[in-house]
Ligand SMILES: Cc1ncc(COP(=O)(O)O)c(C=O)c1O
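Residue numbers (the working numbering): 8 to 380.
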């Protein structure tokens, strides 16, 4: 076993997927967002599990992620949320990978590739209805459609947008985005090209805005067991999927007044037992947790004392008399009755659970538990 590792509970992933599914009308499809290595959870095993559970689409951000899924024999329709670069367009069409399109020059090139391959390029068109990030600005859609709809070889399978604040209690802006989105969809219909899959809902939209489901929803975070915020009206009973664990490398008795770690930021106030854990900021355990974070040892919370360094932290285990070298430590997850959540770590670091999962998941050896097959 490595010095530290990540465990992924695939049964919890399935549970969360069914929490999403049971909120949807029978015809609504699910595009599970597995970009960024499934938010650090391991893209291929997560995709396999979600495919087995019944998800109809998978979403990645970059084309190479789609290629990796195809290489691993995952045959579901794949949507590349950041679009596909011109050099990859032919291969995308051949591999049935759907680019998101938001630029006419890309649409023209895709059309050319489709014509030369004599196969349609299946695309989803992205509209910016207020996120202010990627997509055709909603007011410019008529002019965009004049050109797009004239291009041969393109099959417009979907039209999507993205919510900016669906996770907030006040849904006024989300309602405005929905209104704009509906107007855009109407423009497709008016031109004789009704949209098969309209989609705008992330986890927050899926949970809190049933009127925003249209034909397809795009949950990410909720599948991994975190609520998109604490302000939702209709939260779900989600189960955390990722745990982060390590073993105690050394325990020392330290005398009053001695200092711990770089910068000598912690002075031991009384005779203490200090455990060194082989996890640091290179392992996704942020340096912002210096003298602030807590870990679980023997089912109890133990404070991080001193600075987080690149590969180690130091933890006061004086109140856990049974703690021994090689004992398991939980940095994220559950031990006995105690739990440390990604939200707790995120709050301490001034960030969100999304970033905590991505950072911890990035470098780690992963153990996948409870696979369905
Ligand atoms: C375009 C798009 N759709 C859906 C999602 C999933 O969002 P969430 O993880 O909040 O459910 C994301 C994630 O950032 C996204 O970028």
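In this text, a Cβ means the ideal position worked out from N, Cα and C, and glycines have one as well. Predicted model only: the values in this text are computed from it and were never measured.
At the C-beta level, residue 131 and residue 167 come within 8 angstroms of one another. Listed in chain order, the alpha helix (DSSP H) elements of length 4 or more contained wholly in the region 18-52 are 42-47.
Taken atom to atom, the span from the alpha-carbon of residue 76 to that of residue 261 is near 51 angstroms.
Residue 11: member of the beta strand (DSSP E) spanning 11-16, first to last residue. For residue 134, the enclosing beta strand (DSSP E) has its first and last residue at 128-135. Here residue 250 is near residue 339, since their CB atoms are less than 8 angstroms apart. Setting aside the 5 residues that flank it on each side, residue 377 is surrounded in the same chain by 16, 17 and 18, each with a C-beta closer than 7 angstroms to its C-beta; the list follows chain order. In this chain, residue 186 is not harboured by any beta strand (DSSP E); it is covered by the alpha helix (DSSP H) spanning 179-197. For residue 115, the uninterrupted alpha helix (DSSP H) run begins and ends at 111-124, by DSSP. Note on geometry: alpha-carbon atoms of residue 231 and residue 248 lie some 5 angstroms from one another.
Residue nearest to residue 300 within the set 306, 312, 291 and 375 is 312 (criterion: CA-CA distance).
In the DSSP annotation of this structure, the continuous segment of the beta strand (DSSP E) that includes residue 204 starts and ends at 204-206.
The three-state reading of DSSP puts residue 260 in strand, counting E and B together. A Cβ-Cβ distance of about 15 angstroms is found for the pair residue 137 and residue 192, leaving them out of contact under the 8 angstroms criterion. In this structure, DSSP gives residue 165 an extended state, which the three-state scheme calls strand. Excluding residues up to 5 positions away in sequence, 317, 318 and 370 lie with their Cβ nearer than 8 angstroms to the Cβ of residue 289 in the same chain.
For the region 265-337, not one full-length alpha helix (DSSP H) segment reaches 4 residues or more. Cβ neighbours of residue 173 within its own chain (closer than 8 angstroms, five residues either side excluded): 181, 208, 209, 211, 212, 215, 216, 219 and 235.
Judged by their CB atoms, residue 356 and residue 293 are nearer to each other than the 8 angstroms cut-off.
The shortest CA-to-CA distance from residue 222 to any of 229, 203, 238 and 240 is the one to 203.
Residue 209 has its CB nearer than 7 angstroms to a heavy atom of ligand 1. Within the DSSP secondary-structure output, residue 85 pairs in a beta bridge with 65 and 104. DSSP places residue 217 in the helix class (H, G or I) of the three-state scheme. Residue pairing by DSSP leaves residue 138 without any beta bridge partner.
Residue 339 carries a strand assignment under DSSP once its states are collapsed to helix, strand and coil.
Residue 239 has its Cβ no nearer than 7 angstroms to any heavy atom of ligand 1.
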